[in-house]
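Worksheet for the structure shown next.
Numbering (our numbering), first residue to last: 22 to 134.
Written out as C-alpha cells, the structure is:
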C-alpha cells in the first residue's frame, strides 16, 4: 500500500533520509551508503527500511560480494518530490524514468560478466 502524503513528509524529515535518496540515484549497498554519507550502519539500515516502506527506495539487486555472499543493493524509486500547501498538503512523486532503469540493468549485466 503506497504511503500517504503525511507519511512521506515525515520520512523525508528524518535525519539522513534525503541524503540516502540523493546518493541512491545509482544502485548502492547499505555499506556503500553508510561509508559515503558517514551514517552509522545500523542507522543506515533503519533509514533504508523507512524509505522502502514509503516506496521511495527499492531493493534493486542482490549480487555476490567479493566474499561470495549476497548483498542487497538499493536504488531510489523517485527522481523528485514536490510538496505544495496551496489547497492542503499535497505530495507529488516524480518516478524514475524507464530509461534510467534500463541503463542500470544494462550496466549491471555488463559488470556481472
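C-beta: ideal position from N, C-alpha, C; glycine also.
Just so we're clear, the structure is a prediction, and the values are computed from it rather than from any experiment.
Rounded C-alpha distance that separates residue i from residue j
| i | j | result |
| --- | --- | --- |
| residue 134 | residue 92 | For residue 134, the predicted model reports a pLDDT of 49, less than 50, meaning its position is unreliable and no value from the coordinates is stated. |
| residue 101 | residue 42 | 10 Å |
| residue 78 | residue 26 | 16 Å |
| residue 103 | residue 73 | 19 Å |
| residue 29 | residue 112 | 8 Å |
| residue 76 | residue 24 | 7 Å |
| residue 110 | residue 36 | 21 Å |
Limits of the beta strand (DSSP E) - the one that residue i falls within
| i | result |
| --- | --- |
| residue 34 | Residue 34 -> not in any beta strand (DSSP E); alpha helix (DSSP H) instead, spanning 26 to 34. |
Limits of the unbroken alpha helix (DSSP H) element including residue i
| i | result |
| --- | --- |
| residue 66 | 62 to 74 |
Within 7 Å, strictly: CB atoms of residue i and residue j
| i | j | result |
| --- | --- | --- |
| residue 71 | residue 32 | yes |
| residue 57 | residue 44 | yes |
| residue 68 | residue 38 | yes |
Buried or exposed by the 16-neighbour rule on C-beta atoms within 10 Å, applied to residue i
| i | result |
| --- | --- |
| residue 60 | buried |
| residue 80 | exposed |
| residue 62 | exposed |
Interface flag, residue i vs chain B, CB-CB below 7 Å
| i | result |
| --- | --- |
| residue 68 | Going by chain labels, chain B is absent from the structure shown, which holds only one protein chain. |
At least 3 beta-carbon pairs within less than 8 Å: the region 47 to 65 vs the region 80 to 98: Counting Cβ pairs under 8 Å, three or more are found: they touch.
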